[in-house]
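Accompanying notes for the structure given below.
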Amino acid sequence: MERKYCNTRYGKISYLDRNEGYPVLFLHGFGGTGNTWLKSSPYIEKCIRPVLIDLLGHGHSDKPDIQYAIEQQAEAVFDVVHCLGINKFSIAGNSYGGWIAMKLASTIAEPDMLFLIDSAGISPALSEESKETMDRILDSILRARNYNNRSSLEKIMENNKRPEEKISDYELNSIKCPTTIIWGNRDNVIPVSFGYTLNSKISGSDMIIVNNAGHTPFIDSPEEVADIINRKTREHGLC
Numbered sequence: 221m222e223r224k225y226c227n228t229r230y231g232k233i234s235y236l237d238r239n240e241g242y243p244v245l246f247l248h249g250f251g252g253t254g255n256t257w258l259k260s261s262p263y264i265e266k267c268i269r270p271v272l273i274d275l276l277g278h279g280h281s282d283k284p285d286i287q288y289a290i291e292q293q294a295e296a297v298f299d300v301v302h303c304l305g306i307n308k309f310s311i312a313g314n315s316y317g318g319w320i321a322m323k324l325a326s327t328i329a330e331p332d333m334l335f336l337i338d339s340a341g342i343s344p345a346l347s348e349e350s351k352e353t354m355d356r357i358l359d360s361i362l363r364a365r366n367y368n369n370r371s372s373l374e375k376i377m378e379n380n381k382r383p384e385e386k387i388s389d390y391e392l393n394s395i396k397c398p399t400t401i402i403w404g405n406r407d408n409v410i411p412v413s414f415g416y417t418l419n420s421k422i423s424g425s426d427m428i429i430v431n432n433a434g435h436t437p438f439i440d441s442p443e444e445v446a447d448i449i450n451r452k453t454r455e456h457g458l459c
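So for the sequence shown, our numbering puts the first residue at 221; every next one is plus one.
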């Protein structure tokens, strides 16, 4: 895959691109990078073009001095769509990336399909216990040396604690594109019950449980998750 860059309204975004096929944008979770998807992307069929994005504040992308609101992240991702020069696309988002995908689909532009993988965005503000957990996660992310820095990640964490950043029921009801919700049955970060809540609030959505997988089933069971994306893309005549 080739590393490329796109100038967005908030700064430069880096992404890995296979260059050919029907485009699916992959959005990683908090503290990750587009590289998060490299274990599963080899199983994505050749008729699909994986675009593995480093979200703002992460990886090789810029770390601008902005609020890092979910809407800002969604706008930057949509700017990448313009950079790619495409009219048709789908989005697969994990955790924080799923939150951004839902915001984009509900308020900015309708993708052909959504894949929400152990998605964040509908839980209430973080409890003190959750904040301590996130602090530990932040420390481990920074020690991993994956091109992130504490300042931008702390801003993202602080913004995500704001209740008004949650995806509202109105926004969920506004998602009209075919949506597949994928959840690891052993997710101890965002319990599978949140997946069923999304399933009940996004009209016509499908819910698929990946057994023996945690918060990142595309890492725990990469071929199974890729097969779901391949199958759904074919079923909708996009590949």
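Even glycine gets a Cβ: it sits at the ideal position worked out from N, Cα and C.
If the criterion is Cβ atoms closer than 8 Å, does the pair residue 342 and residue 386 meet it? Cβ distance < 8 Å, so residue 342 and residue 386 count as in contact.
Residue nearest to residue 273 in terms of C-alpha spacing, selected from 411, 286, 256, 264: Nearest to residue 273 by C-alpha distance, out of 411, 286, 256, 264, is 256.
Whole-angstrom distance between residue 393 and residue 417, CA atom to CA atom: C-alpha separation (whole angstroms): 12 Å.
Using a Cβ-Cβ cutoff of less than 8 Å, which residues in the same chain neighbour residue 459 once the five nearest sequence positions on both sides are dropped? Excluding the 5 residues flanking it on each side, residue 459 has same chain C-beta neighbours closer than 8 Å at 241, 242, 265, 267, 268, 450, 453, in chain order.
If you count every other CB in all the chains shown that lies within 10 Å of the CB of residue 396, and 16 or more means buried, which is it? Residue 396 is exposed by the Cβ-count criterion.
Compare the Cα-Cα distances from residue 399 to each of 234, 457, 413, 332 and report the closest residue. Nearest C-alpha to residue 399: 332.
So, is residue 496 buried or exposed, given that buried needs 16 or more other C-beta atoms within 10 angstroms? Since the first residue shown for the chain is 221 and the last is 459, residue 496 is missing from the structure and cannot be characterised.
Sheet register partners of residue 319 (DSSP bridge): Residue pairing for residue 319: DSSP places it in no beta bridge.
In its own chain, which residues sit with a C-beta less than 8 Å from the C-beta of residue 391, not counting the 5 before and 5 after it? Within its own chain, the residues whose Cβ lies closer than 8 Å to the Cβ of residue 391, once the five positions on either side in sequence are excluded, are 322, 323, 326, 327, listed in chain order.
Taking the alpha carbon of residue 281 as the reference point, which residue from 442, 422, 287, 372 has its own alpha carbon closest? It is 372 whose Cα lies nearest to the Cα of residue 281.
Where does the unbroken beta strand (DSSP E) through residue 227 begin, and where does it stop? It spans 222-228 - the beta strand (DSSP E) in which residue 227 sits, taken as one unbroken run.
Could you pull out every residue in the same chain whose Cβ sits closer than 7 Å to the Cβ of residue 303, ignoring the five residues on either side in sequence? These residues qualify, in order along the chain: 226.
Name the two residues that bound the continuous alpha helix (DSSP H) containing residue 301. Counting along the chain, the alpha helix (DSSP H) containing residue 301 begins and ends at 290-304.
Please name the residue or residues paired with residue 432 in a DSSP beta bridge. Paired residues: none, contrary to the question.
Could you tell me the distance, in whole angstroms, from the CA atom of residue 309 to the CA atom of residue 294? One C-alpha to the other measures close to 14 Å.
Going by C-alpha to C-alpha distance, which of 278, 338, 228 sits closest to residue 301? Closest in C-alpha terms to residue 301, from the list 278, 338, 228, comes 228.
Verify whether the separation of the beta carbon atoms of residue 213 and residue 230 is less than 8 Å. Residue 213 lies beyond the stretch modelled for the chain, which goes from 221 to 459, so this question has no answer here.
Candidates 339, 239, 421, 375: closest to residue 410 by CA position: When only C-alpha atoms are compared, the closest one is 339.
In the DSSP assignment, the alpha helix (DSSP H) including residue 392 goes from what residue to what residue? From DSSP, the alpha helix (DSSP H) with residue 392 extends over 389-394.
May I ask which residues mark the beginning and end of the beta strand (DSSP E) holding residue 313? Boundaries of the beta strand (DSSP E) harbouring residue 313: 310-314, taken from the DSSP string.
Pair within 8 Å by beta-carbon distance, residue 448 and residue 429: It is not a contact, given that the beta carbons lie outside the stated cut-off.
So for residue 333, helix, strand or coil by DSSP? DSSP places residue 333 outside both helix and strand once states are collapsed to three, so it counts as coil.
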